[in-house]
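First comes the structure, then the notes that go with it.
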Amino acid sequence: MDIVILAVVIAVVLLGTLGGLVVGSRRKKQLPPPPPAAPDITAPPAEPHVGDEAETPRDEPRRTIEEVDLPGGPATAVEEPPVIEELPPTVIEVPEPTAGRLVRLRARLSRSQNALGKGLLTLLSREHLDDDTWEEIEDILITADVGVQPTQELVESLRERVRVLGTRTPQELRGLLREELLKLVGTDLDRTVKTEPEGRKPGIVMVVGVNGTGKTTTTGKLARVLVADGNTVVLGAADTFRAAAADQLQTWGERVGAHTVRGPEGGDPASVAFDAVKEGKELGSDVVLIDTAGRLHTKTGLMDELGKVKRVVEKHAPLDEVLLVLDATTGQNGLVQARVFAEVVAITGIVLTKLDGTAKGGIVIAVQRELGVPVKLIGLGEGADDLAPFEPEAFVDALIGE
């Protein structure tokens, strides 16, 4: 009996064990597969900041606004205007009118020239005018670069008039001196700068002179004078030996709207002058101003070349003016320069520069006597509008401080 019970127990245990194995096997089959290994997670790309450009995946080409379909229909192509680099505009200046310009500048002239007039009036006011006094008067005039011959003429005329007059009030003496100075300066000379030839255009003006006299600057200022009087101007930069000369002249021209013709550095000055006149004719300009190289008057070859410039220009038309620029502070040396230039080209007028910086205003009288041509323009400072037509009355009044 006991054996039967033991066998039953053993059988139950075995059945239970086998049933657990089967159930375990089935559970294993029903379990879901294990999750895959977690991929490497990288940080998401940062949002672009304002003003930054969002990145486009490398395998996807960047699309333009025209290729993107927007809600409501196809995108309208937006044309971006071309980027144009803006240059600063050239400011064209309006020159000061030339009428009465010397009168406006008279105060500046009188400050530098008063020594001559005051010295003469002081001597003439002495109670007794003996020979020594008249010699002092001559010394003042010669020191002021009036010249020996004009000085002698002035002194002789004054002595005679003072002797006849007898009494000499300051006002009478000033009047006498003014009349005699006006005779020497000349009130009947034609001081017009010839720029309007009859029956043709343009008027042709050539400017000559030694380096350092302010020749190129004077040419630029003369362009302002002509523009202020209603003329159109072409500038010829025939001073090809100084690199800065053409640049300087072009700058002067741009300020007033004048066209500048220039050539290569070291090129043929006559060719530049010829082209300038040609362009002046084609443009219908009123005046062509030709700035020439400031040749040393001792260099014969260079002076001959200046003559060549004149001859080449005259293949177009005759020169209407040849203006010689002289530095008023050079005195007698300026007269030497004037003689040599007059031998090469027919000088028709004189421009005296730096007249505000010297007490030697008598150079006006001396150079006119030397060349037999009038002073037409005078420079009274560094300003753009400090070139003035020469007016004898205003000049003499500035000398004697009236």
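For the sequence shown, my numbering gives the first residue as 16, with consecutive numbering after it. All residues carry an ideal CB built from backbone N, CA and C; glycine is no exception. All of these numbers come straight from a predicted model, not from anything done at the bench.
Given a cut-off of 8 Å on the beta-carbon distance, is the pair residue i and residue j in contact?
i: Pro284; j: Val324; result: yes
i: Lys375; j: Leu338; result: no
i: Asp301; j: Thr247; result: yes
i: Gln352; j: Leu341; result: yes
i: Val220; j: Leu304; result: yes
i: Lys230; j: Asp146; result: no
i: Val292; j: Arg277; result: no
i: Pro361; j: Val118; result: First, the residue type needs correcting, since residue 361 is Ala and not Pro in the sequence shown. No, the Cβ-Cβ distance between Ala361 and Val118 is not below 8 Å.
i: Leu124; j: Ala357; result: no
i: Gly364; j: Glu336; result: yes
i: Val327; j: Pro110; result: no
i: Gly322; j: Val359; result: yes
For residue i, which of the options has the nearest alpha-carbon?
i: Ile107; options: Arg239, Ile380, Ala357, Gly295; result: Arg239
i: Pro333; options: Glu211, Gly278, Arg257; result: Glu211
i: Gly309; options: Arg326, Asp401, Ala258, Arg215; result: Ala258
i: Glu187; options: Glu280, Leu136, Gly346; result: Leu136
i: Glu320; options: Thr344, Leu264, Phe256, Ala260; result: Phe256
i: Gly181; options: Asp154, Gly214, Leu139, Gly346; result: Leu139
i: Leu131; options: Pro110, Thr184, Leu196, Pro185; result: Leu196
i: Lys216; options: Gly295, Gly364, Gln383; result: Gly295
i: Gly394; options: Leu386, Glu385, Glu406, Ile155; result: Glu406
i: Leu15; options: Arg193, Thr228, Leu124; result: Residue 15 lies beyond the range of the chain shown here (16 to 417); nothing can be said about it.
i: Arg384; options: Val163, Val242, Gly299, Ala361; result: Val163
i: Val161; options: Thr363, Glu280, Val200, Arg116; result: Val200
i: Arg116; options: Lys133, Pro404, Gly346; result: Pro404
i: Leu169; options: Glu336, Val271, Arg193, Val109; result: Arg193
i: Gly134; options: Glu213, Arg178, Leu156; result: Leu156
Spatial neighbours of residue i within its chain, please: C-beta separation below 8 Å, excluding the five flanking residues on both sides.
i: Arg141; result: Thr148
i: Gly268; result: Gly235, Ala238, Val248, Leu250, His274, Thr275
i: Ala260; result: Thr231, Ala252, Asp254, Asp306, Ala308
i: Lys330; result: Phe289
i: Glu151; result: Leu138
CB-CB under 7 Å to residue i, same chain, minus the five flanking residues each way: which ones, in chain order?
i: Ala399; result: Lys236, Arg239
i: Glu100; result: Caution is warranted here: a pLDDT of 43 is assigned to Glu100, below 50, making its placement in the model unreliable, and the coordinate value is therefore given only provisionally. Excluding residues within five positions, none has a Cβ falling inside 7 Å.
i: Asp244; result: Thr113
i: Ala159; result: Leu131, Ala374, Lys375, Gly376, Gly377
i: Thr233; result: Val222, Val340, Val366, Thr368, Gly394, Leu402
i: Thr266; result: none
i: Val411; result: Arg193, Leu196, Leu197, Val200
Using a Cβ-Cβ cutoff of less than 6 Å, which residues in the same chain neighbour residue i once the five nearest sequence positions on both sides are dropped?
i: Leu204; result: Pro389
i: Pro54; result: Low confidence applies here, because Pro54 scores a pLDDT of 47, under 50, leaving its location unreliable and the question unanswered by this model.
i: Asn226; result: Gly309
i: Gly282; result: Thr255
i: Arg206; result: Pro389, Lys391, Phe405
i: Leu191; result: Arg176
i: Gly214; result: none
i: Gly396; result: Asp371
Please confirm whether residue i has its beta-carbon closer than 8 Å to some beta-carbon of chain B.
i: Arg183; result: Looking at the structure shown, chain B is missing, and only one protein chain is on hand.
*asked:* I want to know whether the segment 172 to 180 touches the segment 377 to 397 - three or more CB-CB distances under 8 Å.
replied: no
*Which runs of the alpha helix (DSSP H), 4 residues or longer, sit entirely within the segment 299 to 357?*
315 to 328, all fully within the segment 299 to 357.
_To test your reading of the DSSP string, which unbroken beta strand (DSSP E) runs of 3 or more residues are found completely within the segment 212 to 254?_
218 to 224, 248 to 253
_4-residue-minimum alpha helix (DSSP H) runs that sit fully inside the segment 182 to 210, ordered along the chain_ = Unbroken alpha helix (DSSP H) runs of no fewer than 4 residues, entirely contained in the segment 182 to 210, are found at 185 to 200, following chain order.
*In chain order, which continuous runs of the alpha helix (DSSP H) of length 4 or greater are located wholly inside the segment 137 to 184?*
146 to 158, 163 to 180
_alpha helix (DSSP H) segments (min. 4 residues) lying fully within the segment 366 to 416_ = 378 to 386, 407 to 415
*List in chain order: all unbroken alpha helix (DSSP H) runs of 4+ residues lying wholly within the segment 250 to 299.*
258 to 271, 284 to 298
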